[in-house]
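Presented below is the structure to which this report refers.
Number of protein chains: 2
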Amino acid sequence: MLLTVGELARRCGLTVRALHHYDAIGLLRPSSRSAAGYRLYGQADVERLHRIQALRQLGLPLADIGAALSGPQRPLAEVVERQIAQIDRQAAEAARLRERLVRLRAQLAAGQSPDLADWLDTLELMTMYEKYFTPEELKTLPLHTDPDVLPEWSALVTAVRAAMERGATPDDPDAQLLALRWMDLVGRGTGDNPAFLMRLRAMNENEPGLRERSGLTPGLERFVEQAMISARLAIFARYLQPHEMERMRAHYGKQMHAWPELIAELRGALADRVPANDPRVQAMARRWMELFRAYAGDDPATHARIREAYAKEPELRSGSAVDDALLGYVREALASSGARH
Amino acid sequence: MLLTVGELARRCGLTVRALHHYDAIGLLRPSSRSAAGYRLYGQADVERLHRIQALRQLGLPLADIGAALSGPQRPLAEVVERQIAQIDRQAAEAARLRERLVRLRAQLAAGQSPDLADWLDTLELMTMYEKYFTPEELKTLPLHTDPDVLPEWSALVTAVRAAMERGATPDDPDAQLLALRWMDLVGRGTGDNPAFLMRLRAMNENEPGLRERSGLTPGLERFVEQAMISARLAIFARYLQPHEMERMRAHYGKQMHAWPELIAELRGALADRVPANDPRVQAMARRWMELFRAYAGDDPATHARIREAYAKEPELRSGSAVDDALLGYVREALASSGARH
DNA sequence: GCTAAGGGCTCACGTTACGTGAGGGTCAAG
DNA sequence: CTTGACCCTCACGTAACGTGAGCCCTTAGC
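Each protein sequence line maps, in turn, to chains A and B.
Going left to right, the first sequence walks through residues 1 to 341 as UniProt numbering numbers them.
Going left to right, the second sequence walks through residues 1 to 341 as UniProt numbering numbers them.
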């Protein structure tokens with residue numbers, strides 16, 4: 001059973017214009033059109049709309065919703081679960097605000113004038129009730145697709161800080177464990193979307209105040225980064241030979257900040273169904289090989305061993321937003337451009 | 001104790017930019033500035049901000065909030081009371097949505113696929129939870145300052161329709177009672193703001209579909225209007241002489257649709273602190289006298305009797321948004337223009 | 001078959017409520 | 001005196017649609 005745009009709008013309490021807009025920005029495209037060109041929405045579309053609305057009600061901008069929905073999808077059951085948690089949390093905020101208002105009412109009824117702090121406290125609670133995430137939370141972390149990640153994130157930051165304070169080095173095993181957990185959390189928190197990762201970095205560079213409040217100080221970030229490199233090199237060491245490991249140690253972390261942007265671009269092209277033989281995609285794939293060769297060298301045998309490590313050790317890719325589809329895309333682009341790989 | 005804009009923003013969870021914006025549009029002006037030009041907000045400002053936020057959370061646009069707050073103010077206790085009612089209503093919506101989501105979750109957990117209607121129902125409940133008023137409610141009636149008015153309004157429309165169906169005429173006492181209640185409700189619903197009344201009329205003229213759904217058919221509106229005229233003439237009859245009543249009967253209702261616009265303009269000028277001797281205000285005042293004389297004639301004795309009736313019978317002014325301050329303003333403008341009154 | 005009403009299409013300008021950045025002044029602590 | 005945080009005004013830009021125009025499509029009733 002397919003719905004026209006007006007029917008869907010009516011049924012959901014949205015407007016036709018909003019649905020047009022979602023189509024125009026690629027957020028929710030109807031799965032088919034009638035012979036007359038009418039948009040026709042089916043069950044899968046409605047399910048996707050449910051995801052969209054759930055994220056919208058968290059306060060996420062549409063562009064971010066699109067980004068979040070471009071990665072691997074969580075089961076709908078999880079989406080629904082999180083909505084229930086959201087409602088429960090908002091019920092708690094509502095109870096607090098209500099209590100506050102009842103108190104205010106009592107004061108006013110008794111002919112007392114509430115003081116400034118009373119009004120300000122009330123206003124604050126009103127704002128908290130209105131928005132699921134504070135502007136700060138929305139900005140501190142683009143980790144909105146899973147609100148459960150926030151407390152986990154804080155706990156991890158605390159754990160990393162504690163490790164630093166007791167003098168741990170990035171090579172310590174527990175530091176490495178923390179780093180792996182960090183990457184896993186980043187992956188989960190960003191829906192495996194590198195655009196969010198880039199934004200996190202930009203935010204950290206530009207806003208010292210927010211940086212301090214989130215706990216993501218440059219020192220902590222560097223520490224985690226080094227620990228992550230160290231952890232991954234330890235994994236590679238199980239696959240590579242000593243002279244190969246020497247090169248890895250020298251080069252592995254050198255251009256790691258260039259990867260997220262490239263990955264984001266490639267994922268965009270893949271999502272836009274740009275053919276792998278498109279010159280732009282080919283250029284990106286070549287750039288990919290440059291970055292790869294910067295730490296892997298040119299020996300095909302080394303490449304094969306590294307690939308084996310990547311295939312067998314999920315932790316090497318955790319948080320990097322590189323999946324098999326993307327790898328296939330890069331391979332196809334390279335094959336069509338005649339580049340060696 | 002005065003707050004700077006940043007302090008207020010932080011305390012309330014708003015942004016400095018929003019407060020700048022509210023200042024710029026005249027919605028919330030700081031009661032003072034420091035010598036350096038810093039905005040300084042005091043208790044009265046914060047109380048006003050509370051009113052603004054309460055209305056904002058009903059979904060009212062800022063322009064409408066400004067209009068609503070330009071009239072006589074309801075006690076803060078009533079504002080708070082209505083907020084409590086809002087929270088309670090939203091709690092009911094939350095419970096419905098939660099129940100729906102729990103059911104959906106159970107289906108998904110059991111490996112069943114919810115059907116299209118399930119998803120659509122859920123999406124509808126999500127929208128209802130998100131917004132206090134539906135777009136239709138917001139548009140049907142600009143009676144947002146008191147959500148309790150909506151059900152009362154519906155009941156009144158029903159009562160008027162019933163009276164019409166049993167053949168009542170506008171001169172029947174019960175029809176007149178309904179009309180007086182109508183005007184009272186319009187006054188309360190619009191915060192005694194004629195701009196809303198004008199919008200109600202425009203909406204009724206332009207949107208037949210909405211008209212039908214709201215029950216405000218042209219026939220019903222005419223009936224109420226005639227009943228209101230009849231009710232008011234009955235009140236005037238207690239103060240005027242027979243020949244004066246003859247004139248009133250002939251002319252009283254003739255230009256009654258011109259009054260709301262004039263009143264709105266005068267109230268705007270008064271709110272903007274335009275001096276009463278300003279030529280524009282004087283022109284408005286003269287227009288006021290024209291309209292007045294159209295039903296009252298030129299006899300000062302008649303005028304005095306009509307004024308006495310207005311002073312003693314609140315029902316003659318109910319819903320008209322004319323208060324003592326406005327009358328004083330008009331009088332002052334007339335005095336400064338040397339016009340007879 | 002025709003007509004009318006309701007619904008659809010695309011296009012494009014406009015609105016609302018700020019967000020963001022620029023350039024410069026103010027305030028308080030070290 | 002310097003520095004960092006905060007304030008000012010100005011002004012362009014943004015996100016998420018709202019609104020209207022001109023035209024096509026669908027369906028029910030005559």
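Ideal Cβ placement from N, Cα and C applies to all residues, glycine included.
Hey, is residue i's beta-carbon within less than 8 Å of any beta-carbon in chain A?
{"i": "residue 109/B", "result": "yes"}
{"i": "residue 120/B", "result": "yes"}
{"i": "residue 263/B", "result": "no"}
{"i": "residue 50/B", "result": "yes"}
{"i": "residue 123/B", "result": "yes"}
{"i": "residue 80/B", "result": "yes"}
Go to residue i, then tell me how far its alpha helix (DSSP H) extends in each direction, as first and last residue.
{"i": "residue 129/B", "result": "116-130"}
{"i": "residue 7/A", "result": "5-12"}
{"i": "residue 276/A", "result": "Residue 276/A -> no alpha helix (DSSP H), and no H or E assigned at all."}
{"i": "residue 329/A", "result": "324-337"}
{"i": "residue 300/A", "result": "300-312"}
{"i": "residue 242/A", "result": "242-251"}
{"i": "residue 44/A", "result": "43-56"}
{"i": "residue 83/A", "result": "76-109"}
{"i": "residue 62/B", "result": "62-68"}
{"i": "residue 2/A", "result": "First-last for residue 2/A: undefined, no H or E at that position."}
Taking just the CA atoms, how far does residue j sit from residue i?
{"i": "residue 176/B", "j": "residue 94/B", "result": "42 Å"}
{"i": "residue 247/A", "j": "residue 39/A", "result": "56 Å"}
{"i": "residue 108/B", "j": "residue 108/A", "result": "49 Å"}
{"i": "residue 83/A", "j": "residue 254/A", "result": "41 Å"}
{"i": "residue 29/B", "j": "residue 45/B", "result": "8 Å"}
{"i": "residue 63/B", "j": "residue 27/B", "result": "8 Å"}
{"i": "residue 23/A", "j": "residue 32/A", "result": "12 Å"}
{"i": "residue 86/A", "j": "residue 131/A", "result": "11 Å"}
{"i": "residue 236/B", "j": "residue 66/B", "result": "35 Å"}
{"i": "residue 231/A", "j": "residue 303/A", "result": "19 Å"}
{"i": "residue 324/A", "j": "residue 300/A", "result": "20 Å"}
{"i": "residue 166/A", "j": "residue 12/B", "result": "39 Å"}
{"i": "residue 15/B", "j": "residue 252/B", "result": "51 Å"}
{"i": "residue 243/B", "j": "residue 306/B", "result": "13 Å"}
{"i": "residue 111/A", "j": "residue 3/B", "result": "25 Å"}
{"i": "residue 105/A", "j": "residue 125/A", "result": "15 Å"}
{"i": "residue 163/A", "j": "residue 234/A", "result": "19 Å"}
{"i": "residue 116/A", "j": "residue 102/A", "result": "17 Å"}
{"i": "residue 119/A", "j": "residue 50/B", "result": "7 Å"}
{"i": "residue 7/A", "j": "residue 41/A", "result": "9 Å"}
Quick one: which chain A residues come within Cβ less than 8 Å of residue i?
{"i": "residue 84/B", "result": "98, 101, 102 and 105"}
{"i": "residue 43/B", "result": "115, 116 and 119"}
Between residue i and chain B, is any beta-carbon pair separated by less than 8 Å?
{"i": "residue 73/A", "result": "no"}
{"i": "residue 164/A", "result": "no"}
{"i": "residue 1/A", "result": "yes"}
{"i": "residue 233/A", "result": "no"}
{"i": "residue 77/A", "result": "yes"}
{"i": "residue 46/A", "result": "yes"}
Using a cut-off of 9 Å between C-beta atoms, extract the partners of residue i located in chain A.
{"i": "residue 127/B", "result": "12, 13, 14 and 53"}
Chain B partners of residue i, CB-CB under 8 Å?
{"i": "residue 90/A", "result": "94"}
{"i": "residue 65/A", "result": "Those do not exist, as residue 65/A stays about 14 Å from chain B at its closest Cβ, beyond 8 Å."}
Below 7 Å on C-beta distance, what does residue i contact in chain B?
{"i": "residue 57/A", "result": "126 and 130"}
{"i": "residue 87/A", "result": "94, 97 and 98"}
Using the beta-carbon of each residue, which ones in chain A are nearer than 7 Å to residue i?
{"i": "residue 185/B", "result": "The premise fails here: residue 185/B is roughly 24 Å from chain A at the closest Cβ pair, so nothing lies under 7 Å."}
Interface positions of the stretch 282-296 of chain A facing chain B (Cβ-Cβ less than 7 Å), listed along the chain: Considering only beta carbons, no part of the stretch 282-296 of chain A lies closer than 7 Å to chain B.
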